[in-house]
Amino acid sequence: MKKFITLKLLLLLLIVACQQKVEEKSVTPTVTATQTASKEQATKFKSIDINGVNIAYREAGNPDNPTIVLLHGFPSSSQQYRKVLNELSDEFYLIAPDYPGFGNSDFPSPDEYQFTFDNLAKTIDAFLEKKALNSYALMIQDFGAPVGFRIATAHPERITAIINQNGNAYEEGLGKAWKDIRVLWANRTLETEKAILPAFSLEGLKWQYTHGTRNIENVNPDNWQLDYLRLSRPNAHNAAFDLLYDYQNNLTLYPTWQQYLRDNQPPLLVVWGKNDEFFPESGAAAFKKDVNNIDYNIFNTGHFALEEDGAEIISKMRAFMKTINQ
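According to mature numbering (1 follows the signal peptide of the UniProt record, and there is no 0), the sequence shown holds residues -22 to -1, 1 to 304 in order.
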């Protein structure tokens, strides 16, 4: 009797094992397809030579999909768009370059490269040309605005839309955090540079990420730690001073950029952190004067709005991009 029960049990186990094998075979193709799709969408970290400067960039999504070029701010890099790259690569082709001297791009010496916004824009424009991108939406933030608007005014026919997260183009959009920088504009000396140095400290960088947020625990501290490491490289402070001093030349171009907006009326998505000391909400509202098709959204957060409100901003980006690509 025991032998019969044991044989019966072994037979049952054998049947169950066979069924599992069949189920595994039927499931395998679906899993593989999902993994393949995920692999295609995953962010890739690449680089390309642009006139002797190695430009690092992040790339995600299928190049056959609508393209979004993501232009970062100061003191960050393409890493500020990591959430966007991860979340939107299923439907869009995303390219996020690091400017020279930022992120993982080369840091050319002052003898080889003059750090001005004209030059940053020329480099990124040449990068887009080399990537053969001739139709794309621009996402701009902080320094990304003067870089992006230079590219947009040079190639208005290429710009399908603008996504603006605290990227200024109006004098009324310059907040009180520019006080010491305005002094630098008036008279660049060792003393006026020294007044700005605290902004490059670990605490100063942390302030840029956390000021105006609802809860600083929502912001990953790796942001300012990474920026501090990069700003500690040789010549990094001088390059930053050069760009902050050159920022005054952006103000002279504001009327040109505003005319571009009036003449071309690019669809505009505004996703703005209202508590930004550099670019307060008045900068966002100013776009309403010149753009008719504007999706206007203000968030109760600071300068790097994606850090605290990334999920909602990305959701709005997806809906906006679908609308303009219908």
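Every residue, glycine too, gets a C-beta built ideally from N, C-alpha and C.
Might you give, ordered along the chain, the residues of its own chain that have their beta carbon closer than 6 angstroms to the beta carbon of L48, omitting 5 neighbours on each side? Y59, A74, M117
Candidates S56, Q236, Y71, of which the one nearest S25 by Cα: Comparing Cα-Cα distances from S25 to each of S56, Q236, Y71, the minimum goes to S56.
What are the boundary residues of the alpha helix (DSSP H) that K22 is part of? Element bounds for K22: not the alpha helix (DSSP H) but the beta strand (DSSP E), 22 to 28.
With DSSP collapsed to three states, give me the class of P245. coil
Taking Cβ positions, are A132 and D103 nearer each other than 8 angstroms? yes
Tell me which residues share the same chain as H50 and place their Cβ nearer than 6 angstroms to its Cβ, disregarding the 5 neighbours each side in the sequence. S56, Q58, G122
Do G145 and G190 come within 8 angstroms of each other at the CB atom, strictly closer than that value? In this structure, G145 does not lie closer than 8 angstroms to G190 by Cβ.
Hey, out of T21, R166, D120, whose CA is closest to V62's CA? T21
Does the count of Cβ pairs from the region 220 to 237 and the region 157 to 167 closer than 8 angstroms reach three? yes
Kindly provide the ranges of any beta strand (DSSP E) runs that are 3 or more residues long and lie completely inside the region 46 to 106, ordered along the chain. The region 46 to 106 contains these whole beta strand (DSSP E) runs: 71 to 75.
Which one of L207, F282, A217 has the shortest CA to CA distance from D89? A217
Considering only DSSP beta bridges, list what E37 is partnered with. K22, I73
Once the 5 residues before and after I28 are set aside, which same chain residues still bring their CB inside 8 angstroms of it? T101, A104, F105, K108
Label E195 either buried or exposed according to how many other C-beta atoms from any shown protein chain fall within 10 Å of its C-beta, with 16 as the threshold for buried. exposed
My guess is that I137 and P244 are in contact by the Cβ rule of under 8 angstroms, so how many angstroms apart are they, rounded? 5 angstroms
If you reduce the DSSP assignment to three classes, tell me which class Y225 lands in. coil
Could you tell me the distance, in whole angstroms, from the CA atom of T10 to the CA atom of D200? Annotation note: pLDDT 40 at T10 (below 50); position unreliable, coordinate value reported separately. Their backbone Cα atoms lie some 34 angstroms apart in a straight line.
Taking only the alpha-carbon atoms, compute the straight-line gap between A262 and A147 and give it to the nearest angstrom. 9 angstroms
I276 and F265: beta carbons closer than 8 angstroms? no
Taking the C-alpha atoms as reference points, what is the distance between L209 and D241? 39 angstroms
So which of I159, F178, W202, L204 has the shortest CA-CA distance to T170? I159
For the putative contact between I129 and A99, defined by C-beta atoms under 8 angstroms, what is the C-beta separation to the nearest angstrom? With 8 angstroms as the limit, I129 and A99 qualify as a contact, their Cβ atoms being about 6 angstroms apart.
Go ahead and pull the three-state DSSP assignment for N271. Coil.
Give the secondary structure of A115 by DSSP, where H, G and I count as helix, E and B as strand, and everything else as coil. Strand at A115.
Taking the alpha carbon of L168 as the reference point, which residue from Y238, H215, N82, L152 has its own alpha carbon closest? H215
Using a threshold of 8 angstroms, state whether the C-beta atoms of L247 and F298 are closer than that. Yes, they are a contact pair.
Terminal residues of the continuous beta strand (DSSP E) containing N43? From DSSP, N43 is part of no beta strand (DSSP E); its letter is neither H nor E.
For G190, does the three-state DSSP call read helix, strand or coil? In this structure, DSSP gives G190 a state outside helix and strand, which the three-state scheme calls coil.
Assigned secondary structure, T234 (DSSP; H/G/I helix, E/B strand, else coil): helix
Rounded C-alpha distance that separates L72 from I302: Taking the straight line from one Cα to the other gives about 16 angstroms.
Do P258 and G126 have their C-beta atoms within less than 8 angstroms of each other? no
Nearest-angstrom Cα distance between D254 and T279? 7 angstroms
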